[in-house]
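According to numbering that gives the first Met the number 0, the sequence shown holds residues 0 to 227 in order.
Every residue gets a Cβ at the ideal spot worked out from N, C-alpha and C, and that includes glycine.
In this text the structure is predicted, and so the values were computed from the model without any measurement.
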Amino acid sequence: MKTDTVLSVSSTSVAFRPQRTRIKICGLTRANDIAAAVAVGADALGFVFYEKSPRYVTAAEAAALVREIPPFVMTVGLFVNASVAEVAAVCAQVPLQLLQFHGDESPADCMAIAQAVQRPFIRAARVQPELDLLEYQAQYTAAQALLLDAHVTGYGGGGKVFDWSLIPEKLAPQAVLSGGLNVQNVATAIKQVRPYAVDVSSGVESAKGIKDHQLIQQFVAAVRQAEQ
């Protein structure tokens with residue numbers, strides 16, 4: 000399956016600074032939220048297939064939502080410790096272009112699932128001082144990128160900011176920055192880290208799983224302002 004490469008930056012590629020920071024909005028559950036995200040220029044939209052998440056959607060629900068997405072906007076599926084069969088069942092119903100592994104999946108687990116469903120993947124890294132991110136990147140060489148999130152209890156992202164100084168300068172241009180980003184801090188994050196992309200969920204919500212359209216617009220505007 001040929002996919003767009005909006006969020007696909009090989010960890011083995013030469014580090015580069017894109018002309019603009021890519022934006023992924025995750026945890027979508029409603030068609031009108033998708034329309035709002037697309038209208039302001041989101042590059043990728045994420046759907047959570049982790050049942051314990053308040054943003055969980057079934058494959059059938061996601062399939063209906065994805066039909067609202069125009070061409071050239073990437074669809075991303077977030078999974079936590081799912082089996083090959085479980086991911087395959089979702090992909091059979093939902094035309095996902097990219098997988099996001101956010102649990103305890105080993106490099107071999109990620110490869111097995113990605114190969115089985117013929118999709119590229121990104122790997123979440125739960126950042127803490129004890130984690131060597133360059134070593135972690137070397138372990139997941141098949142990943143299109145690392146998504147850097149805060150280390151919190153539980154899975155699927157916790158909406159918490161981590162210490163951005165823990166991100167190696169070499170890694171930053173190839174990484175997707177996540178973890179507690181919002182309208183107030185995303186510009187600072189971009190100027191400090193210079194990531195390839197940013198990922199937001201709770202930072203543009205009025206309630207869990209319910210996006211605030213004004214916050215989405217303001218978030219995208221803040222990203223663009225930071226690039227000037």
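Notebook entry, point to check: Exposed or buried, what is Lys169 when buried is set at 16 or more other beta-carbons lying within 10 Å of its beta-carbon?
Noted result: By the 10 Å Cβ count, Lys169 comes out exposed.
Checklist line | Simplified DSSP state of Thr20, which is helix, strand or coil | finding: coil
Notebook entry, point to check: Can you tell me the Cα-Cα spacing of Val83 and Ile112, whole angstroms?
Noted result: 5 Å
Note to self: Going by DSSP in three states, Thr2 sits in which element: helix, strand or coil?
What the structure shows: Reliability of the predicted coordinates at Thr2 is poor, the pLDDT of 45 falling under 50, and the value obtained from them is presented with this limitation in mind. In the structure shown, Thr2 sits in coil (DSSP, three-state: anything other than H, G, I, E or B).
Note to self: Considering only their Cβ atoms, is the gap separating Arg118 from Leu132 smaller than 8 Å?
What the structure shows: Between Leu132 and Arg118, the C-beta spacing is not below 8 Å.
Notebook entry, point to check: Looking at C-beta atoms only, is the number of pairs between the segment 32-43 and the segment 184-191 that lie closer than 8 Å three or more?
Noted result: Short answer: they don't touch.
Check: Would you call Phe48 buried or exposed, if buried means 16 or more other Cβ atoms sit within 10 Å of its Cβ?
Finding: Looking at its Cβ environment, which holds 16 or more other Cβ atoms inside 10 Å, Phe48 is buried.
Next item on the list: Report, in whole angstroms, the separation of the C-beta atoms of Val65 and Thr57, which I expect to be a contact under 8 Å.
Entry: Contact doesn't hold; Cβ gap of about 12 Å is too wide.
Notebook entry, point to check: Within 8 Å (strictly less), CB to CB, does Gly76 reach chain D?
Noted result: This model lacks chain D altogether, as it is built from one protein chain only.
Margin query: Tell me the rounded alpha-carbon separation between Lys207 and Pro106.
Written below: 31 Å
Note to self: Quick check: what's the CA-CA separation for Leu159 versus Val79?
What the structure shows: In the sequence as presented, Leu is not what sits at residue 159; that position holds Lys. For Lys159 and Val79, the distance between alpha carbons rounds to 18 Å.
Notebook entry, point to check: Rounded C-beta distance between Lys210 and Val203? I'm assuming under 8 Å.
Noted result: 6 Å
Notebook entry, point to check: If we count the other Cβ atoms within 10 Å of its Cβ and call it buried at 16 or more, is Lys23 buried or exposed?
Noted result: buried
Note to self: Which residues does DSSP list as the beta-bridge partners of Asp198?
What the structure shows: Answer by DSSP bridge pairing, in chain order: Lys23.
Note to self: Quick check on Asp148: does DSSP put it in helix, strand or coil?
What the structure shows: Three-state DSSP puts Asp148 in a strand.
Notebook entry, point to check: Excluding the five sequence neighbours on either side, which residues of its own chain have a C-beta within less than 6 Å of the C-beta of Gln138, listed in chain order?
Noted result: Pro106
Item checked: DSSP beta-bridge partners of Arg122 -> Phe100, Leu145
Check: Taking the runs of the beta strand (DSSP E) that are 3 residues or longer, which of them lie wholly in the segment 39-95?
Finding: Taking 3 residues as the minimum length, the beta strand (DSSP E) runs contained wholly in the segment 39-95 are 43-47, 73-78, in order along the chain.
Notebook entry, point to check: Hey, how far is the Cα of Ala225 from the Cα of Gln18?
Noted result: 12 Å
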